[in-house]
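Q: One structure is given below, represented as structure tokens, and several questions about it will come after.
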């Protein structure tokens, strides 16, 4: 049997232990708090449809990756469960070339002569089958070779014709005020002197009366013998009277001297110059 003082001492010791723990918690400022669960992130329910017709509905029941206006027979909206929600356009069938076989029959050798006879009879009739006239046709490979040879001959003729036409084309040369070739530079100086002399002697009366002044760029084409082939106004003076007067002066000054002999053997010479109708009724060609 235990002593009566033993249970009281144990209870006193336990009481002191809890008292020390309680005072220690208060002294150290330790507190106990209930840990709340982590908040959940918002989610979006998106439906992946197999196909879409591109038509946006006025009021959508679900979110999907594409617009799809569909129908149904239920009163409440339900998630799409069909494998295909709209008609899928069929691919347009292409047009592929169909290889054609050679329809011409192959030539066959004529059959041997046939004889019709009656058994147990002295009378006989001999019938020879007519041999059809089968023209000899070249094999497919031979026909392709013949076709290729014809095409080569045709191309050869075209190349020869183009070469002859190119050889017959006149050789043209273009010069201006800054040319450095001696033969044509000397020819152009003489040409300019002739133009200015004829132009000042035949200065346009209409330009003199209206006191019109200006400059234009003219290109004159000359043949081998010095005849005028073409006159083109490259840059107008702004006055039709002056443009027409320059063209008229060119025709009044022809024929010009024949073109000088050169290594290129030029057939046509084109001279581009600036024509100036200056105050005092003076024509300058630069």
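Numbering (the numbering used here), first residue to last: 45 to 330. For every residue, glycine included, the Cβ atom is placed at its ideal position computed from N, Cα and C.
1) Leaving out five residues before and five after residue 252 in sequence, what residues of the same chain have Cβ atoms less than 6 Å from its Cβ?
2) Can residue 371 and residue 278 be called in contact, C-beta distance under 8 Å?
3) Starting from residue 102, trace the alpha helix (DSSP H) both ways and give me its first and last residue.
4) In the DSSP output, which residue or residues are listed as bridge partners for residue 355?
5) Just curious, the beta strand (DSSP E) that residue 217 is in, first and last residue?
6) Provide the residue span of the alpha helix (DSSP H) that contains residue 293, from first to last.
7) Given this structure, state the Cα-to-Cα distance separating residue 91 from residue 106, to the nearest angstrom.
8) Rounded to a whole number of angstroms, what is the C-alpha to C-alpha distance between residue 130 and residue 110?
9) For chain B, find out if any of its Cβ atoms is closer than 8 Å to the Cβ of residue 236; answer yes or no.
10) Please state if the CB of residue 280 and the CB of residue 269 are separated by a distance shorter than 8 Å.
11) Taking the beta strand (DSSP E) that residue 274 belongs to, which residues open and close that run?
12) Is residue 305 helix, strand or coil when you go by DSSP?
13) Secondary structure at residue 242, three-state DSSP: helix, strand or coil?
14) With distance defined between alpha-carbon atoms, name the residue in 321, 322, 266 and 202 nearest to residue 297.
15) Sort out for me which residues DSSP pairs residue 316 with in a bridge.
16) Smallest Cα separation from residue 258: which of 240, 237 and 282?
17) Tell whether a beta-carbon distance below 8 Å holds between residue 304 and residue 227.
A: The relevant details are as follows:
1) Here residue 252 is taken as the residue at index 208 of the chain shown, counted from 1. Once the five neighbours on either side are set aside, the close Cβ partners of residue 252 are 325.
2) Past the edges of the chain, shown from 45 to 330, lies residue 371, and the structure says nothing about it.
3) Taking the first residue of the chain shown as 1, we reach residue 102 at position 58. Where residue 102 is concerned, there is no enclosing alpha helix (DSSP H), given that its DSSP letter is neither H nor E.
4) Past the boundaries of the shown model lies residue 355; the chain is included only from 45 to 330, so the question cannot be answered.
5) To locate residue 217, count along the chain shown from 1; it is residue 173. Counting along the chain, the beta strand (DSSP E) containing residue 217 begins and ends at 216-219.
6) Against the chain shown, residue 293 aligns to sequence position 249. Residues 284-297.
7) Within the chain shown, residue 91 is the residue found at index 47, counting from 1. Within the chain shown, residue 106 is the residue found at index 62, counting from 1. Across the structure, residue 91 and residue 106 are spaced so that their CA atoms are roughly 7 Å apart.
8) Along the chain shown, read from residue 1 onward, the residue named residue 130 stands at position 86. Along the chain shown, read from residue 1 onward, the residue named residue 110 stands at position 66. At residue 130, the pLDDT of 48 sits below 50, so the modelled position is not reliable; the number obtained from the coordinates is stated separately. Rounded to whole angstroms, the gap between the alpha carbons of residue 130 and residue 110 is 12 Å.
9) Looking at the structure shown, chain B is missing, and only one protein chain is on hand.
10) Start at 1 with the first residue of the chain shown, and residue 269 comes out as number 225. Start at 1 with the first residue of the chain shown, and residue 280 comes out as number 236. Using a Cβ distance threshold of 8 Å, residue 269 and residue 280 do not count as a contacting pair.
11) Working through the chain shown from its first residue, we reach residue 274 at position 230. Here the beta strand (DSSP E) through residue 274 covers 272-279.
12) One-based indexing of the chain shown puts residue 305 at position 261. Assignment of residue 305 by DSSP, reduced to helix, strand and coil, places it in the coil class.
13) Within the chain shown, residue 242 is the residue found at index 198, counting from 1. Residue 242 falls in the helix class under three-state DSSP.
14) Along the chain shown, read from residue 1 onward, the residue named residue 297 stands at position 253. Restricting attention to 321, 322, 266 and 202, the CA atom closest to the CA of residue 297 is found in 266.
15) Here residue 316 corresponds to residue number 272 of the chain shown, with the count starting at 1. 263.
16) In the chain shown, counting from the first residue as 1, residue 258 sits at position 214. Closest option to residue 258, judged by alpha-carbon separation, among 240, 237 and 282: 282.
17) Residue mapping note: residue 304 aligns to position 260 of the chain shown, counting from 1. Residue mapping note: residue 227 aligns to position 183 of the chain shown, counting from 1. Taking 8 Å as the Cβ cut-off, residue 304 and residue 227 qualify as a contacting pair.
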